[in-house]
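**Q**
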Amino acid sequence: MKKCVLLILCATILVGCSQRLAYNNLGWLASYYISDFVDLTDQQEDQLESDVEALVNWHRQSELPKYQSQVQLLINNWQEMTEADVVALFDTTRHYWYSVVAQVFPKLVHHLNTLNRQQKEMLITNLETQLLKDEWQDGDQYRRYERWLGKLNNAQRAIINEHYQQGEFARQVWRAHQQRRFNQFKQALMLSNDEHLSRDLFQKAIVTEPQQLPARIVEIQNRRIAATASLAIRLRATMSDKQEAHFEEELRDLLELLKSL
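So for the sequence shown, numbering that gives the first Met the number 0 puts the first residue at 0; every next one is plus one.
Pasting the structure below:
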């Protein structure tokens, strides 16, 4: 749910035929994407476009260089990286996400404060529908790895499947956590009056720093990050020369994309 809401203002819509075009035009694209969730007035759309453009400028100057450095680090050191190195990489990129959330949060509160009750109800209904669509689909466990490695062999598919079967409990806990936060979001939005949305209530739903997460969720996240790091190292040992070349090419393409933004 959090990512659906942050889609309103967050510079993360890198999809479609031209990722660079999408990123550089997020201001006006934001109104198009948010129209799937709520109908805005012309004034609200204009303010949204202005704020998203400002956030994209911040993101380009402050965050993109960080992403570039991490991708370059991975290109340079992938063959020698240990599980601990991969865990550190995950932790670093996770904090980048919270940096974006913290920057977006005040603007998001402001925009939600401009919604009337009918708009709030429409937003909640459509976000709830989207949340239900985000359920796990058979085959999802392979697709992201095929993007980075190319065609998987049977041994690799078995390793990945084992990893995801072991993570089913963590996914169930995370889905329950998402639902609780969505309920908090609904409460904060619908209990607010037309002039003021409770920032404190809303911040419980949109976590702006990892310290705000429940200890149980942090524990599960850390376990899954460690398991995913172990998976990465296991897969590295099974990669063919063709897969190694494919992986490096994908990383270099990503680095060039980040530089071009």
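Just so it is clear, CB atoms sit at the ideal spot from N, CA and C, and this is done for glycine as well.
Remember, predicted model here, so these are calculated numbers, not experimental data.
How about residue 186 and residue 200: do their beta carbons lie closer than 8 Å?
**A** Yes; because the gap between Cβ atoms is below 8 Å, this pair is in contact.
**Q** Between the region 120-131 and the region 172-185, are three or more C-beta pairs nearer than 8 Å?
**A** As far as the Cβ criterion goes, the region 120-131 touches the region 172-185, which means the pair count is three or higher.
**Q** Helix, strand or coil, according to DSSP, for residue 150 in the structure here?
**A** Note: residue 150 maps to coil in three-state DSSP.
**Q** Roughly how many whole angstroms lie between the Cα atoms of residue 29 and residue 58?
**A** Each residue's Cα considered, the two are about 15 Å apart.
**Q** Short check: CB of residue 230 to CB of residue 162, under 8 Å?
**A** A contact, by the Cβ cut-off of 8 Å.
**Q** Just the Cα atoms here: how many angstroms apart are residue 119 and residue 40?
**A** If you take the alpha carbons of residue 119 and residue 40, they lie about 13 Å apart.
**Q** Can you check which of these residues, 170, 159, 149 and 249, is closest to residue 239 by C-alpha distance?
**A** The residue with the shortest Cα to Cα distance from residue 239 is 149.
**Q** What is the C-beta distance between residue 254 and residue 70, in whole angstroms, given that I count them as a contact (C-beta under 8 Å)?
**A** With a Cβ gap of about 5 Å, residue 254 and residue 70 count as contacting.
**Q** List, from N- to C-terminal side, the alpha helix (DSSP H) runs of 4 residues or more that fit wholly inside the region 70-130.
**A** The qualifying runs are 82-112.
**Q** If you reduce the DSSP assignment to three classes, tell me which class residue 229 lands in.
**A** Three-state DSSP puts residue 229 in a helix.
**Q** Within 8 Å of any Cβ in chain D, is that where the Cβ of residue 41 sits?
**A** Among the protein chains of the structure shown there is no chain D, as only one such chain exists.
**Q** Could you please give the first and the last residue of the uninterrupted alpha helix (DSSP H) stretch that includes residue 172?
**A** Where residue 172 is concerned, the enclosing alpha helix (DSSP H) stretches over 167-190.
**Q** Kindly give me the distance between the Cβ atoms of residue 122 and residue 114, rounded to whole angstroms, as I take these residues to be in contact under 8 Å.
**A** At roughly 7 Å, the Cβ-Cβ gap stays under 8 Å, so residue 122 and residue 114 are in contact.
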